[in-house]
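Peer 1:
Protein chains: 2
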Amino acid sequence: MQQGITIGNVSQASGVKVPTIRYYEQIGLLPSPPRTEGNRRSYDDRDLERLTFIRHSRELGFEIDEIRTLLSLQDQPNVSCEDADAIASRHLADVKQKIASLTALQHELERMVVGCSHGRVETCKVIDILADHGKCRFHGE
Amino acid sequence: MQQGITIGNVSQASGVKVPTIRYYEQIGLLPSPPRTEGNRRSYDDRDLERLTFIRHSRELGFEIDEIRTLLSLQDQPNVSCEDADAIASRHLADVKQKIASLTALQHELERMVVGCSHGRVETCKVIDILADHGKCRFHGE
DNA sequence: CGTACATCCTCTAGTGACTAGAGGAGCAAG
DNA sequence: CTTGCTCCTCTAGTCACTAGAGGATGTACG
């Protein structure tokens, strides 16, 4: 169990930037670590794990509040994982929805770009479609 | 050419909320309209078109600065539409990238949810994968 | 032991694109 | 004339950071 890791090293190891780590501490997502004589933050392996968990969760698109819940669940191994399952499932539904919406958007943008006359603005499909909602097939989100 | 439209009506017609219209004016995206004697904003059809253009562009995910460019292009029908094409193409590339990333994310979340034991946290795949980056197949954006 | 230089500290303010709310004025209908 | 709606300005809050100022501490080298 390593102790006394500096913020710079825990940042490197976890992939979370130094100011972000301090920000997480400020909002209470990461516990305030003990300080050295010179007032520097002193982390241990447990903090590194926590930060890695956070970074990974953020990469997967979870919000800070969701991560708060997930972290507290992680600390209680005997509790039902129902809540974690619910958070992940809801998030999955969001992601699916977003993909559907973005795919519709992609088709619309393709139609715009392909239809572009590459000439003057007057005959440009890009501007044309944006100006006239009726010509657009995208009604997503 | 209708004139003297209230902010409420132009909001209804364009689908842009009243405070958002005022915000667009503040950041210079929409020109400041003339005022009535009672100091109310007085819009015309041209403003409505502009707002519709903006709303539609926002729905398609364009940023305000991009919309600024697109709007100024729309006002110059004889200019080459190269710039508009470039903006749309770049945006299309972004969207494709985002879809790819979200799709990878979707698979990872599915793996988490499906693998969930629906029992205690200790054996929960959701928490497990989040905690251990090595078990995750998602490494996107 | 001195001196660079890297790393750390706190604090405030800025980002994008709005949204919420306070506190007040104008306007149309009954 | 009053009720209730819309409108006005202004400030501050949202989310998840990021940037920068201004200063203290720690470390490597000569």
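Quick note, the sequences are listed as chains A and B, same order. Note that our numbering has the first sequence beginning at 3, numbered continuously upward. Note that our numbering has the second sequence beginning at 3, numbered continuously upward. From the three backbone atoms N, C-alpha and C, an ideal C-beta is built for every residue, glycine too.
Report, in whole angstroms, the separation of the C-beta atoms of B:Ile101 and A:Leu104, which I expect to be a contact under 8 Å.
Peer 2: 5 Å
Peer 1: What residue range is occupied by the uninterrupted beta strand (DSSP E) comprising B:Gly10?
Peer 2: Where B:Gly10 is concerned, there is no enclosing beta strand (DSSP E), although the alpha helix (DSSP H) around it starts and stops at Ile9 to Ser16.
Peer 1: I need the straight-line Cα distance from A:Phe55 to A:Gly17, nearest angstrom please.
Peer 2: 11 Å
Peer 1: If you measure between the beta carbons of A:Val128 and B:Leu94, is that distance less than 7 Å?
Peer 2: Cβ atoms of A:Val128 and B:Leu94: not closer than 7 Å.
Peer 1: Return the CA-CA distance between B:Lys28 and A:Pro33, expressed in angstroms with no decimal places.
Peer 2: Note that residue 28 of chain B is Gln in the sequence shown here, rather than Lys. About 41 Å.
Peer 1: Taking contact to mean at least 3 C-beta pairs separated by less than 8 Å, is the stretch 59–78 of chain A in contact with the stretch 78–93 of chain B?
Peer 2: Per the Cβ contact rule, the stretch 59–78 of chain A is not in contact with the stretch 78–93 of chain B (fewer than 3 Cβ pairs under 8 Å).
Peer 1: Helix, strand or coil for A:Arg48, going by three-state DSSP, please let me know.
Peer 2: helix
Peer 1: Residues in its own chain within less than 7 Å of B:Cys138 by CB, not counting five upstream and five downstream?
Peer 2: Glu110 and Ile131
Peer 1: By how many angstroms is the C-alpha of A:Val97 removed from the C-alpha of B:Gly30?
Peer 2: 34 Å
Peer 1: Could you pull the DSSP bridge partners for B:Ser82 from this structure?
Peer 2: A:Arg122
Peer 1: Quick check on B:Gly6: does DSSP put it in helix, strand or coil?
Peer 2: strand
Peer 1: Ignore the nearest five residues each way along the sequence and tell me which others in B:Glu143's own chain have a CB closer than 6 Å to its CB.
Peer 2: For B:Glu143, the predicted model reports a pLDDT of 48, less than 50, meaning its position is unreliable and no value from the coordinates is stated.
Peer 1: Flag B:His58 as yes if its beta-carbon sits less than 7 Å from any beta-carbon of chain A, otherwise no.
Peer 2: yes
Peer 1: For B:Arg122, return the contacting residues in chain A, with the cut-off set at a CB-CB distance below 8 Å.
Peer 2: Think of a sphere of 8 Å around the beta carbon of B:Arg122: the chain A residues whose beta carbon falls inside it are Pro79, Asn80, Val81, Ser82 and Cys83, in chain order.
Peer 1: Could you round the C-beta distance between A:Tyr45 and A:Ile69 to whole angstroms and report it? I think they count as a contact, below 8 Å.
Peer 2: Not quite, the Cβ-Cβ distance comes to about 18 Å (not below 8 Å), so this is no contact.
Peer 1: To the nearest angstrom, how far is the alpha carbon of B:Glu51 from that of A:Ala133?
Peer 2: 7 Å
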